[in-house]
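Visitor: Sharing a structure with you now.
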Amino acid sequence: MGNWQDKVRRVVPYVPGEQPQRPVIKLNTNENPYPPSPAAVAVLQAADGAAFRKYPDTDATELVNAIADVYGISADQVFVGVGSDDVLGMSFLTYFASDKPVLFPDITYSFYDVWAELFRIPYRQIPLAEDFSIRTEDYFADNGGIVIANPNAPTSLALPTSEIRRIIEANRDSVVIVDEAYIDFGGESVLPMISEFDNLLVVQTFSKSRSGAGMRVGFAMGSKALIDALKAVKFAYNSYTMSTPMIQAGAAAMRDVEYMKKTTAAVVATREAFRPRLEELGFTVLPSATNFYFATHAKVPAEVIFTELKKRDIFVRFWKKPRIGNYLRITVGTDAEMEALVSALTEILKAY
Ligand SMILES: *Cc1c(COP(=O)(O)O)cnc(C)c1O
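Using the numbering used here, you'd call the opening residue of the sequence shown number 3 and step up by one each time.
Written out as structure tokens, the structure reads:
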């Protein structure tokens with residue numbers, strides 16, 4: 003055997019939540035319990051298969067225009083990709099070419115350090131405060147870029163836009179990425195600030211609030227200069243990221259704002275209705291601005307609850323990691339799913 007192994011890039015991959023291929027109560031990857039917009043489903047059902055012979059529109063114009071229309075910005079301020087993971091990965095590659103460290107919290111979306119390692123970008127993980135909040139002043143240090151998930155995951159906490167404004171104002175010489183994957187469940191978007199700050203990139207996704215995790219559509223909004231840089235890197239790597247059906251279905255889902263508002267409101271109503279039920283069971287639940295809870299139990303270790311729930315075919319998320327090793331991240335499902343969760347928890351906790 004030759005020595006080609008020495009030349010292979012070694013990476014520690016991101017670990018996604020399990021996707022069991024049988025019916026379970028799935029509260030582990032923050033999917034939306036409701037189906038996508040009927041308008042998007044209709045587009046897919048009416049798709050002209052013969053048209054797949056041709057390459058898709060490299061600019062995904064139909065989808066980009068829908069996003070620009072809905073958010074009242076211009077098409078040259080929009081970039082689309084195969085889920086926000088694609089958009090974020092491409093953004094790391096594009097904007098973080100400095101020798102200085104990119105800053106992001108120690109507890110946040112666990113893909114950030116994976117991309118930094120993959121692209122050999124120096125980075126520094128800044129500890130969240132004891133209560134898991136982001137301390138704005140920590141981001142006033144010299145850096146090669148900044149990434150903030152707002153609301154943050156897995157903590158579910160939102161940072162006020164006035165605080166993000168202070169971070170951007172202190173960092174006009176770096177690109178500041180705000181990952182707003184959960185923004186439609188209650189946070190306030192910094193999107194209005196993209197006209198003020200040409201170094202601000204706002205990233206959102208269809209996966210959570212638009213019930214399209216399986217569609218793989220994500221997007222970024224920012225100044226034309228920022229978007230042009232991102233497009234240049236994309237076209238240097240893969241021109242055809244977006245498939246024809248998803249450009250079309252994505253546009254329909256985006257334009258159905260009513261439906262997104264209705265379904266996210268239903269998720270928020272369930273979230274608020276079941277918070278006291280979890281608290282009655284002895285959980286401390288952080289104030290969530292997302293479609294999930296971040297919760298810890300006073301008596302029973304998170305890992306035990308996680309394992310016991312799994313035995314009952316209820317999947318939640320647990321990380322055996324410093325600081326959060328006694329917490330569970332629980333996606334807000336339908337009312338029926340949450341009732342099933344509460345009864346399972348009641349049974350599990352009774353034994354302790
Ligand atoms: C879910 C999520 C994403 C990625 O979602 P995609 O399905 O790739 O769009 C990005 N950031 C955060 C914080 C998320 O929770």
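Note that the Cβ used here is the ideal one computed from N, Cα and C, for glycine as well. None of the values given here were measured: they were computed from a predicted structure.
1) Under a three-way DSSP split, which group does Val259 fall into?
2) Given a threshold of 16 other Cβ atoms within 10 Å of its Cβ, counted over all protein chains shown, does Arg273 qualify as buried or as exposed?
3) So which of Thr163, Pro153, Val177 has the shortest CA-CA distance to Asp186?
4) Taking 7 Å as the cut-off, does the CB of Ser1 come closer than this to any heavy atom belonging to ligand 1?
5) Going by beta carbon distance, what residues of the same chain come within less than 7 Å of Leu95, once the five residues before and after it are set aside?
6) Alpha carbon to alpha carbon, how far is Ala268 from Val259?
7) Taking all protein chains shown into account, decide if Phe239 is buried (16 or more other Cβ within 10 angstroms of its Cβ) or exposed.
8) Would you say Ile249 and Leu90 are within 8 Å of each other, going by their C-beta atoms?
9) According to the neighbour-count rule (16 or more other Cβ atoms, all chains shown, within 10 Å of its Cβ), is Gln79 buried or exposed?
10) Give the straight-line distance between the Cα atoms of Asp144 and Ala227, rounded to the nearest whole angstrom.
11) Where Lys210 and Ala52 are concerned, what is the direct C-alpha to C-alpha distance, given to the nearest angstrom?
12) Are Ala42 and Ala251 closer than 8 Å when you measure CB to CB?
13) Work out the CA separation of Leu232 and Val10 for me, nearest whole Å.
14) Check whether the Cβ of Asp78 lies closer than 7 Å to any heavy atom of ligand 1, and answer yes or no.
15) Does the Cβ of Lys56 have 16 or more other Cβ atoms within 10 Å, making it buried, or fewer, making it exposed?
Guide: So, from the listed chains and residues:
1) helix
2) buried
3) Pro153
4) The requested residue 1 does not occur in the structure, where the chain is confined to residues 3 to 354.
5) Phe121, Val235
6) 14 Å
7) Note that residue 239 is Tyr in the sequence shown here, rather than Phe. The Cβ neighbour count for Tyr239, taken over all protein chains shown within 10 Å, is under 16; the residue is labelled exposed.
8) The criterion of a C-beta distance shorter than 8 Å is not satisfied by Ile249 and Leu90.
9) buried
10) Roughly 23 Å between the two C-alpha positions.
11) 31 Å
12) yes
13) 27 Å
14) no
15) exposed
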